[in-house]
Amino acid sequence: MRTIAIAFSGALLAFAGMGATARADQPAPSTFVAVLSTDEETGACAGISNSARGLAVFHVTDEATGTVSYRIVANNLPGTTSLAHIHIGPPGVAGPAVQPLAGVAGNEQGVIATGSFTNPLLLAALRANTSAYYVNVHTVPNCPNGVIRGQLGDHGP
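Numbering (the numbering used here), first residue to last: 43 to 199.
Below you can see the structure in the form of structure tokens.
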């Protein structure tokens, strides 16, 4: 848990600096967060390890283009991180992936994904109903369908 707290602090500091470059005519950037755990995972790997946890932080960096920067931190993942996505679906229901998230190959602890994407349609959908989307992290060979998951929430500017 201490590892996540340290990584989360680093993620927040990194994202705090990103907002400083926004143009004055744009609205304040928004942040979306998902707390990831095995408890929210569905499918064959559900509950494989109650100690696997993570946090995904998304920060809107350009409203006009729909550009979003992100960082996912996790610990105690079984196997090697293989994929991470944003999916559409309510809690407890597996839904289709709508946005891939580039991972850090082979990481099982700490920062497992970081980058940015431009998807104005997804950003509009997130603004309309943030909790309809979730983040899912997959590992191999243990949990190819997902090991930790968490619904997104809107946490303001």
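Even for Gly, the Cβ is constructed at its ideal location relative to N, Cα and C.
Exposure of residue i, with buried meaning 16 or more beta-carbon neighbours within 10 Å
i	result
Ala-86	exposed
Ala-70	For Ala-70, the predicted model reports a pLDDT of 44, less than 50, meaning its position is unreliable and no value from the coordinates is stated.
Gly-96	buried
Val-177	buried
Gly-188	buried
Arg-191	buried
Thr-63	Model confidence at Thr-63 stands at a pLDDT of 46, short of 50, so the residue's coordinates are unreliable; what they give is reported in the following sentence. Per the 10 Å Cβ criterion, exposed.
Ala-170	exposed
Contacting residues, own chain, Cβ-Cβ under 7 Å from residue i (five flanking each side not counted)
i	result
Ala-174	Ile-130 and Pro-132
Val-140	Ile-128, His-129, Ile-130 and Leu-164
Gly-134	Thr-84
Reference residue i, options the options, closest by Cα
i	options	result
Ala-155	Val-135, Asn-184 and Ala-144	Ala-144
Glu-150	Val-179, Gly-195 and Gly-134	Val-179
Asn-92	Thr-84, Thr-80 and Ala-98	Thr-80
Thr-107	Glu-82, Asn-171, Thr-160 and Arg-191	Thr-160
Same chain, Cβ closer than 6 Å to residue i, neighbours up to 5 away in sequence not counted
i	result
Asn-184	Pro-120 and Gly-121
Phe-100	Phe-74, Val-110 and Tyr-112
For residue i, the first and last residue of its enclosing alpha helix (DSSP H)
i	result
Leu-143	No alpha helix (DSSP H) holds Leu-143; DSSP gives it neither H nor E.
Ala-167	162 to 170
Residue span of the beta strand (DSSP E) that contains residue i, given as start and end
i	result
Leu-97	95 to 104
Ser-124	122 to 130
Cβ separation of residue i and residue j, assumed to be a contact under 8 Å, to the nearest whole Å
i	j	result
Ala-76	Gln-193	6 Å
Contacting residues, own chain, Cβ-Cβ under 8 Å from residue i (five flanking each side not counted)
i	result
Val-182	Gly-121, Thr-122 and Ser-124
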